[in-house]
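Enquirer: With mature numbering (1 follows the signal peptide of the UniProt record, and there is no 0) applied, the sequence shown covers -28 to -1, 1 to 370. Sharing a structure below in structure tokens format, with a few things to ask.
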Amino acid sequence: MRTSSRRTVLTGLTASALVAGTAAPAHAETGERSPGRHHDWAGRAALSWQALLDHFAVGDGSGLLHEQFPVAAGDPKYSYEWPFSQAHVAALDLTGIPGAGRRYRDDLIDLAAAQQYYWNPTSTTGLPGFASGPMPPYLNGGDLFYDDNEWVGLLDVQQFAMTGDRRALAEARKISDLVESGWDTDPTHAAPGGVFWTQAPWSDDRNTVSNMPGAELALRLFQFTRERRYLDRALKYYTWTNTHLQQDDGLYTDHLDLQGVPDPTVWSYNQGVPVGVNVLLFQATRDRRYLREAQRIARASLEFFVAGGRVDDHPPYFNSIWFKNLLLLESVTGGHTYRDATAGYAQRVWDTKRQPSGLFRFPAGDSHGTTTLLLEQAAVVQVFAVLAWKPSDHDLLY
């Protein structure tokens, strides 16, 4: 089921940012001078999105998508929730492209409807959330993963910020409550606390990716509702993760098991989300320590992934999350350092990974370049799309 799929991703790849911008005013449009502005990112996003629809649509009227192309023997008919949600995010990001965004509204509506086929009205904690597979009659659902749900919650708050969609805000509230129900309350565990990765019975991980996105979601909910419980929730996740999973250099390791044994792998998305969390904490509290910490993590991650030559060997669905949170930081600090890094990565992907079909293949990834994963194609679309945004709009990301 989902176990082997996710475990392969987290163990079969090699892990792998830029000096944070300072001094420029918030929302400075200095990105207009950036090399990244000289490419037709909107056009590239459009071509890559059309290739996704052409190759991944199941075509049975459900609006659901395949996990990979070509479809392999033994694949489920429909993708797992995580890949589907990232295609959903890509559609939302496309709607933010100035002028062209309206073309993608129908796609966004269709994907939002199909997203609900993963919704399970209950779970092991008694709260609803998105299962790892579509519910009957499509498939049989599956265990809930807290990070899967957090990505949808972050999509929801971004959609609310972009459109004022109160249905999305209500769903984000439900997801935040689900994440809170995943908090470890057993005092006999090593380093008690932290949000578990999944509700699966084999779960023994408390991860950066199950805690920090929950903090980012809660902080957006605090911004929109001013309900103190969301700020308190975010600070709880933030403090536990910093205490147990952050290294002295500012970077974050993957997870801690119930015996207190850490997995030291450093993944790009696990650096990006804490950058975004610190940006939102700064905005919530006006305490500049959080902004300085966001810049410190961003600098350390740039050194590790870009200067260290790791980023291109890292999966695009991790890199997209990292880059988008760096762009969120730069929407506050100004400058275009992180935008240039994002554009440089996107250009290399376009030049070296694109196939005649319009799909992208990543030899270093989980598919070893023999297929294209929905996750991979969706991530590339996201990166191209947000590069086509006005830099001042990057404050809407996550």
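Even for Gly, the Cβ is constructed at its ideal location relative to N, Cα and C. Please read these numbers as outputs of a predicted model, since none were measured by experiment.
(1) Nearest-angstrom Cα distance between Ala351 and Glu53?
(2) Looking only at its chain, what residues have a beta carbon closer than 8 Å to the beta carbon of Asp47, apart from the 5 residues adjacent to it on each side?
(3) Less than 8 Å between the beta carbons of Asn92 and Gly101, yes or no?
(4) Taking Pro109 and Tyr90 to be in contact with their CB atoms under 8 Å, please state how far apart those CB atoms are, rounded to whole angstroms.
(5) With three or more C-beta pairs closer than 8 Å as the rule, is the segment 127 to 138 touching the segment 189 to 209?
(6) Suppose only complete runs of 4+ residues qualify. What are the alpha helix (DSSP H) ranges in the segment 90 to 157, listed by chain order?
(7) Please name the residue or residues paired with Val181 in a DSSP beta bridge.
(8) Take Trp13 as the anchor and find which of Val355, Ala142, Ser364 and Leu369 has the nearest alpha-carbon.
(9) Run through DSSP, which three-state label would Leu203 get?
(10) Output the distance between the C-alpha atoms of Ser95 and Val167, rounded to the nearest integer angstrom.
(11) Going by C-alpha distance, which of Tyr50, Ala23 and Ala18 is nearest Gly33?
(12) Whose C-beta lies closer than 7 Å to the C-beta of Asp82 among residues of the same chain, with five residues either side of it excluded?
(13) With three or more C-beta pairs closer than 8 Å as the rule, is the segment 240 to 260 touching the segment 177 to 192?
(14) In terms of DSSP beta bridges, what is Tyr224 paired with?
(15) Please report the distance separating the alpha-carbon of Gly113 from that of Arg260.
(16) Only counting the same chain, and skipping five residues up and downstream in sequence, which positions put a Cβ closer than 6 Å to that of Gln231?
(17) From which residue to which residue does the alpha helix (DSSP H) around Trp174 run?
(18) Go to Phe254, then tell me how far its alpha helix (DSSP H) extends in each direction, as first and last residue.
(19) To the nearest whole angstrom, what separates the beta carbons of Asn250 and Asp226, a pair I think is in contact under 8 Å?
(20) Just to confirm before moving on: does the CB-CB distance between Gln58 and Leu347 stay below 8 Å?
(21) Under a three-way DSSP split, which group does Val30 fall into?
(22) Using the Cα positions of Gln319 and Asp284, report the straight-line distance between them to the nearest angstrom.
(23) Grab me the residues of Asp158's own chain with a C-beta within less than 7 Å of its C-beta, minus the 5 sequence neighbours each way, in chain order.
(24) So who's on the other strand from Thr314, going by DSSP bridges?
Expert: Per the coordinate set shown:
(1) Here residue 351 refers to the residue found at position 379 when the sequence shown is read from its first residue. Here residue 53 refers to the residue found at position 81 when the sequence shown is read from its first residue. The alpha-carbon atoms of Ala351 and Glu53 are separated by roughly 15 Å.
(2) Here residue 47 refers to the residue found at position 75 when the sequence shown is read from its first residue. Scanning its chain for C-beta atoms nearer than 8 Å, with the 5 sequence neighbours on each side dropped, one finds around Asp47 the residues His38, Glu39 and Gln40, in chain order.
(3) One-based indexing of the sequence shown puts residue 92 at position 120. One-based indexing of the sequence shown puts residue 101 at position 129. Contact flag set, yes.
(4) As a first step, residue 109 must be located in the sequence shown, where it is residue number 137. As a first step, residue 90 must be located in the sequence shown, where it is residue number 118. Not quite, the Cβ-Cβ distance comes to about 13 Å (not below 8 Å), so this is no contact.
(5) The segment 189 to 209, when compared against the segment 127 to 138, does touch it at the 8 Å Cβ threshold.
(6) DSSP runs (the alpha helix (DSSP H)) wholly in the segment 90 to 157: 118 to 135 and 138 to 153.
(7) Here residue 181 refers to the residue found at position 209 of the sequence shown. DSSP output for Val181 lists no bridge partner at all.
(8) Here residue 13 corresponds to residue number 41 of the sequence shown, with the count starting at 1. Of Val355, Ala142, Ser364 and Leu369, the residue nearest in Cα terms is Val355.
(9) The sequence position of residue 203 within the sequence shown is 231, counting from 1. DSSP places Leu203 in helix when its eight states are reduced to three.
(10) Here the question's residue 95 lines up with position 123 in the sequence shown. Here the question's residue 167 lines up with position 195 in the sequence shown. Each residue's CA atom was taken as its position, placing Ser95 and Val167 some 15 Å apart.
(11) Looking up residue 33 in the sequence shown gives position 61. Considering only alpha carbons, the answer is Tyr50.
(12) Against the sequence shown, residue 82 aligns to sequence position 110. Around Asp82: Gly35.
(13) Judged by Cβ distances under 8 Å, the segment 177 to 192 makes contact with the segment 240 to 260, as three or more pairs qualify.
(14) The residue labelled residue 224 in the question sits at position 252 within the sequence shown. Under DSSP, Tyr224 forms a beta bridge with Gln218.
(15) For the purposes of this step, residue 113 is taken as the residue at position 141 of the sequence shown. For the purposes of this step, residue 260 is taken as the residue at position 288 of the sequence shown. Distance between the alpha carbons of Gly113 and Arg260 is about 44 Å.
(16) The residue you call residue 231 lines up with position 259 of the sequence shown. Cβ neighbours of Gln231 beyond the five flanking positions: Ala162.
(17) Within the sequence shown, the letter at position 202 stands for residue 174. Taken as a continuous stretch (DSSP letters only), Trp174 belongs to no alpha helix (DSSP H), as it is neither H nor E.
(18) Numbered from 1 along the sequence shown, position 282 holds the residue referred to as residue 254. According to the DSSP assignment, Phe254 belongs to the alpha helix (DSSP H) that extends over Tyr241 to Thr257.
(19) Along the sequence shown, read from residue 1 onward, the residue named residue 250 stands at position 278. Along the sequence shown, read from residue 1 onward, the residue named residue 226 stands at position 254. At roughly 19 Å, the Cβ-Cβ gap does not stay under 8 Å, so Asn250 and Asp226 are not in contact.
(20) Within the sequence shown, the letter at position 86 stands for residue 58. Within the sequence shown, the letter at position 375 stands for residue 347. Their beta carbons are under 8 Å apart, which means Gln58 touches Leu347 by this criterion.
(21) As a first step, residue 30 is located in the sequence shown; it is residue number 58 there, counting from the start. Here Val30 sits in coil by DSSP.
(22) Position 347 of the sequence shown, counted from the first residue, corresponds to residue 319. Position 312 of the sequence shown, counted from the first residue, corresponds to residue 284. When rounded, the separation of the alpha-carbon atoms in Gln319 and Asp284 is 11 Å.
(23) Position 186 of the sequence shown holds residue 158. A distance below 7 Å between beta-carbons, with the five flanking residues on each side excluded, links Asp158 to the following residues of its chain, in chain order: Pro164.
(24) If you number the sequence shown from 1, residue 314 lands on position 342. Per DSSP, none; premise fails for Thr314.
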